[in-house]
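Remarks on the structure that follows.
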Amino acid sequence: MEYREISEDYSVSGQIQPEDVAAIKAAGFKSVICNRPDDEQPGQPSADTLKAAVEAAGLAFRYIPVISGQITAENVEDQAEALDELEGPVFAYCRSGARCTNLYGLIQQSKG
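Mapping of the sequence shown onto my numbering: position 14 corresponds to residue 640, and the numbering continues sequentially without gaps.
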């Protein structure tokens, strides 16, 4: 599993599997955000499946589904709220990591 550090408290990756959660925890992350809608692609694990694995590992989980290419103001607000509330560092994932990265950029712009 590869991930990209966007800031010291926020990293992103493509789709993760339940068995990746141990490595996420071992890397020091405290919270996980899923930005990928369920059933976007056949065979992807559901947010509930990953939530169970993440919470079993003692980490926080938030589900903020974002449709690819259709980020809304509400998505940005929900992500910003999650980043304010969740203990960092935060690990966010979607299909490729792009939505998670774009959301973070939009949050930073809105703070400007």
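Every residue, glycine too, gets a C-beta built ideally from N, C-alpha and C.
Within 8 Å, strictly: CB atoms of residue i and residue j
{"i": "I690", "j": "A708", "result": "yes"}
{"i": "S657", "j": "A686", "result": "yes"}
{"i": "R721", "j": "R662", "result": "yes"}
{"i": "P668", "j": "P644", "result": "no"}
{"i": "A683", "j": "V647", "result": "yes"}
{"i": "V702", "j": "I659", "result": "no"}
{"i": "I650", "j": "Y730", "result": "no"}
Residue i, DSSP secondary structure in three states
{"i": "C660", "result": "strand"}
{"i": "S633", "result": "strand"}
{"i": "A706", "result": "helix"}
{"i": "S639", "result": "strand"}
{"i": "R721", "result": "coil"}
{"i": "V692", "result": "coil"}
{"i": "A648", "result": "helix"}
{"i": "A682", "result": "helix"}
Distance between beta carbons of residue j and residue i, contact taken as under 8 Å
{"i": "Y636", "j": "A699", "result": "Actually they are not in contact, since the Cβ atoms of Y636 and A699 sit about 20 Å apart, beyond 8 Å."}
Buried/exposed call for residue i, threshold 16 Cβ in 10 Å
{"i": "R725", "result": "buried"}
{"i": "Q641", "result": "buried"}
{"i": "D704", "result": "buried"}
{"i": "G723", "result": "buried"}
{"i": "A679", "result": "buried"}
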